[in-house]
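Residue numbers for the sequence shown follow the numbering used here, beginning at 5 and rising by one.
Glycine included, each C-beta is placed from N, C-alpha and C at the ideal position.
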Amino acid sequence: ASLRMQKIWDDPLDIVVSREHPLAQEAHPSAQMLLDYPAILPGPGTYTREIILKALGPLRERIQVGMSTNYLEVLKMLAAIGLGWTALPRTMIDEGLKVVQIKKREIQRELGIVTHEKRTLSNAGQAMINIIRETAT
């Protein structure tokens with residue numbers, strides 16, 4: 005393919021629920037416990053949904069997906085009001101959410117830049133890429 009990919013940073017995600025959710029009260033939650041509650045996940049076929057499901061291993065087939073949306077802010081809001089659990093980038097987690105620490109389960113996505121080798125970037129596009137690279141280092 006003629007696409008050039010450059011990883012810029014790792015974006016770790018954590019499983020989160022509302023502060024009042026039963027999982028928030030668990031001292032040692034397990035991945036198995038997630039099956040008892042609806043998941044709020046990114047839409048089917050998305051990269052983020054796939055890495056969340058992959059991290060859950062064989063349990064992925066038994067997850068009950070209550071809702072799907074491709075907007076992380078909506079996932080955050082739905083989890084914060086108690087409609088289920090989700091996985092969000094750590095940078096989005098605030099006091100309205102409780103991280104559910106599950107041993108030996110790490111969720112991380114790689115974020116970066118994709119350009120087409122046979123296309124010339126506009127000045128604005130190149131400036132944006134330069135800013136992203138400077139910010140990431």
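(message) I'd like the span of the beta strand (DSSP E) that includes Leu63, first residue to last.
(response) Along the sequence shown, read from residue 1 onward, the residue named residue 63 stands at position 59. Careful: Leu63 lies outside any beta strand (DSSP E) and carries neither H nor E.
(message) Could you compute how far the alpha carbon of Thr52 sits from the alpha carbon of Gly61?
(response) The residue you call residue 52 lines up with position 48 of the sequence shown. The residue you call residue 61 lines up with position 57 of the sequence shown. Their backbone Cα atoms lie some 15 angstroms apart in a straight line.
(request) Taking 9 angstroms as the cut-off, decide whether the C-beta atoms of Leu92 and Pro42 are in contact. (result) Here residue 92 is taken as the residue at index 88 of the sequence shown, counted from 1. Here residue 42 is taken as the residue at index 38 of the sequence shown, counted from 1. The answer is no: Cβ separation not under 9 angstroms.
(message) Taking the straight line between their C-alpha atoms, what separation do you get for Gln29 and His120?
(response) Along the sequence shown, one-based indexing puts residue 29 at 25. Along the sequence shown, one-based indexing puts residue 120 at 116. Spanning the two alpha carbons is a distance of roughly 48 angstroms.
(message) Only counting the same chain, and skipping five residues up and downstream in sequence, which positions put a Cβ closer than 6 angstroms to that of Ile67?
(response) Within the sequence shown, residue 67 is the residue found at index 63, counting from 1. Taken in chain order, the residues that qualify are Ala43.
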